[in-house]
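Structure first, commentary second.
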Amino acid sequence: MGDPLAYVRAAHFAATIVAAGVVIFEVTVAAPAFAAAGGVLEAEVRRLRRRWAWLVWASLAVAAVSGAIWLALLAVGIYDAPIADVWRDGGVWTVASETRFGQISLVRLAAAALLAASLPMLKRAANPRPWGAGAVVLTIAVLIGPAWTGHAGATPGAAGEFPLAADALHLLAAGAWLGGLPPLAMLLATAWRQKEPRWATVTAIAVQRFSLLGVISVSTLLASGIANSWYEVGTLNNLFATSYGQLVLLKIGLFAAMVGLASINRFYLTPRLASGDAVLRLYHSSLAETGLGFAAIVVVGFLGAMAPASHAHHHAAIPEGAAFVHIHSNAGMADVTIVPGRVGTARATIRLWNGDFAPLAAERLTFTLTPPGGQPISWPAAQAQDGSWQVDVVPLSQAGNWKAAIDAGLDAKRRLTLDAPIVIEPEQ
Amino acid sequence: MRIRILFTSLFLATFSNVAAHAHAFLDHASPLVGSTVASAPHEVALTFTQNLESSFSSVQVTDANGARVDQGKAQISGNSMRVGLKSLSPGTYRVRWHALSVDTHKTEGSFTFIVGGR
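Protein chains in written order, with the numbering used here: chain A, 13 to 440; chain B, 7 to 124.
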């Protein structure tokens, strides 16, 4: 759990979601609610809008700094060199200007800068409607840009277009719902302190509109998620068996808790807004929802960072002089390393991965090698402490194209069988 | 139970979305991985499972002695990578590729092909 990229990603997504959520909340929820209450509350409304503007500024600053660190860490990974070298040799700028991740990051940074520059209009305006449309366009650009640098964005041809749209909608919905919770809580806190009848009107309209926004957002999150897992059906397999799957389960739990709280807000507290301390309870509930949402974003940070982390391990695991093959199928993947990869006696190591490059658990594994023109020889592999499977003594009789085959029993019912050619070099 | 599975799937669907990650793996190659070709090919063409970053992806082809037999910089477009070859004599050749997918994951791999049925 020490990967810095996980925290950087989480901070970046959280900051982006808050910045976007405040803008979307202001335009779609707060502005109509304030308009309905008339001009009497102008001083408090201005104070609230000033605080929202500061929240957006702070969030954009965190997003920019975390985005820059993300880019730098990415450049370090691409060049496989220390940050000081990568920075000195201009590698960070090359990654920024020559990869789609970098180019989209620059566009998002420009949109964020324009949004930040426009915020004084929100602070000053009694009616920020002219500001709203432009701000929403900028905020959406900042929010959904990462969809183009994710899996769907990297998928060739038309096959990537539908999942790309689903990814973008997923980010937009997360921003509108989770990002709207902090400004909602701030509005509720003001309403609770003021205890002025007109604030009751503002609260009722705001809560009603946010509830509608929440229903649309949760539906969009589900629909876009279902669409993408239809496309990514391989990821459903290892839910309970792998640490990756367990993190997904944790996130499902956090989401379920958020939906549970939102349901209490919608069906129990909202009808009671006119009476007693329902506003205060709604405020506390919104804060709790926010906390759960940000915990879920931290999980997203780790989920996203797991793949490259596992891959770095896999990359580092190919010793000099080894014969290596990566075998890829829809059901799972295997890395086969034979050291030394030449005629003589060698040791074979097999690592199993699922479609997301998380380790794939197996109960047993048989490794088979077939020499060129010869008969297959099989060995039961033993599992090492690091989870890899090993055959300690593998006699390699001749050089050439061998066939490596794996038959892994994943559980009582499922098997993973893979094979691929592997080249054995002549004796030295 | 059926309902529970449905809801579990729905929630999982929601969240596996954001977590999805891909790496550019070799989908197919010409000459085919591990194949023996009768006549010397003029180029190696690789197709990957993801779109590639052209500035950070490359391919090299070497003969049995480790000498380069490709014609230098590969042409990279979308998810394909191709590099011209010098004229090859019969023998075993190794293709080594490095790829950076558009979603910023690095992969690498190698395979051999044989010219002339040796």
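Backbone N, C-alpha and C define an ideal beta-carbon position, used for all residues, glycine too.
Under the DSSP assignment, Q206 (chain A) falls in the alpha helix (DSSP H) whose first and last residues are L193 to Q206. Residues of the same chain with a CB within less than 7 Å of the CB of A128 (chain A), apart from the 5 flanking positions on each side, are W69 and L72 in chain order. DSSP places R359 (chain A) outside any alpha helix (DSSP H); the residue lies instead in the beta strand (DSSP E), whose first and last residues are G356 to W365. For I362 (chain A), no chain B residue has a Cβ inside 8 Å of its Cβ, as the nearest lies near 16 Å away. By the Cβ neighbour-count rule, S298 (chain A) is buried, with 16 or more other Cβ atoms within 10 Å of its own. Under a criterion of Cβ atoms nearer than 9 Å, no residue of chain A is adjacent to K92 (chain B); the nearest Cβ is some 21 Å distant. Below the 7 Å Cβ cutoff, chain A contributes N413 and P433 as neighbours of G40 (chain B), in chain order. Beyond the five residues adjoining it in sequence on each side, F117 (chain B) comes within less than 8 Å, by CB distance, of L32, A35, V39, G40, R100 and V101 in the same chain, given in chain order. Taking the Cα positions, A290 (chain A) is about 21 Å away from L60 (chain A). Counting only runs of 4 or more residues that sit fully inside the stretch 101–183 of chain A, the alpha helix (DSSP H) segments are 103–110, 112–136, 141–156 and 163–166, in chain order. Under the Cβ distance rule, G162 (chain A) counts among the residues neighbouring chain B, one pair being separated by less than 7 Å. Of the residues assessed, F54 (chain B) falls on the buried side of the cut-off, its CB having 16 or more other CB atoms within 10 angstroms. Residues of chain B with a Cβ closer than 8 Å to the Cβ of I228 (chain A) do not exist, since the nearest Cβ in that chain sits about 15 Å away. Within a 10 Å sphere around the beta-carbon of K112 (chain B) sit 16 or more other beta-carbons, which makes this residue buried. Using a CB distance cut-off of 7 Å, T68 (chain B) does not count as an interface residue toward chain A.
In the DSSP annotation of this structure, T28 (chain A) is not part of any beta strand (DSSP E); the continuous alpha helix (DSSP H) holding it starts and ends at P16 to F37. In this structure, the CA atom of E301 (chain A) is about 14 Å from the CA atom of G187 (chain A).
Put simply, the backbone Cα of S130 (chain A) is about 37 Å away from that of L58 (chain B). Among the residues of the stretch 92–107 of chain B, those with a Cβ less than 9 Å away from any Cβ of chain A are T98, R100, L106 and S107, in the order of the chain.
Annotation for A416 (chain A): the continuous beta strand (DSSP E) segment containing it runs G412 to G421. The beta carbon of I228 (chain A) sits closer than 8 Å to those of A185 and A188, all from its chain and outside the five residues before and after it, given in chain order. Counting of Cβ neighbours within 10 angstroms places G272 (chain A) among the exposed residues, the total staying below 16. Taking one beta carbon from each stretch, the stretch 34–51 of chain A and the stretch 193–208 of chain A have 3 or more pairs nearer than 8 Å; the two touch. Neighbourhood of H340 (chain A) in chain B, by CB distance below 7 Å: F31, in chain order. Taking a beta-carbon distance threshold of 7 Å, Q77 (chain B) does not count as an interface residue toward chain A. Counting only Cβ-Cβ distances below 9 Å, E110 (chain A) has contacts in chain B at E59, S60, S61 and F62, in chain order. Inter-residue distance for G144 (chain A) and E375 (chain A) is about 57 Å (C-alpha atoms, whole angstroms).
Contact of I90 (chain A) with chain B is assigned, a C-beta pair being separated by under 7 Å.
In the three-state scheme derived from DSSP, where H, G and I count as helix and E and B as strand, L428 (chain A) is classed as strand.
Under the 7 Å criterion on CB atoms, P158 (chain A) is classed as non-interfacial with respect to chain B. The alpha-carbon of P384 (chain A) is positioned some 8 Å away from that of K415 (chain A). Only W160, T161, G162, H163, A164, G165, A166, T167, P168, G169, G172, P175, A178, D179, H182 and L183 from the stretch 160–184 of chain A bring a Cβ to less than 9 Å from some Cβ of chain B.
Between G313 (chain A) and K263 (chain A), the alpha-carbon positions lie close to 11 Å from each other. Nearest to S223 (chain A) by C-alpha distance, out of A:L181, A:L281, A:Q258 and A:L266, is A:L281. Contact check for S107 (chain B) and A166 (chain A): beta-carbon distance about 5 Å, within the 8 Å limit, so the pair qualifies. Per DSSP, P407 (chain A) is not a residue of any alpha helix (DSSP H); the beta strand (DSSP E) it occupies stretches across W401 to L408.
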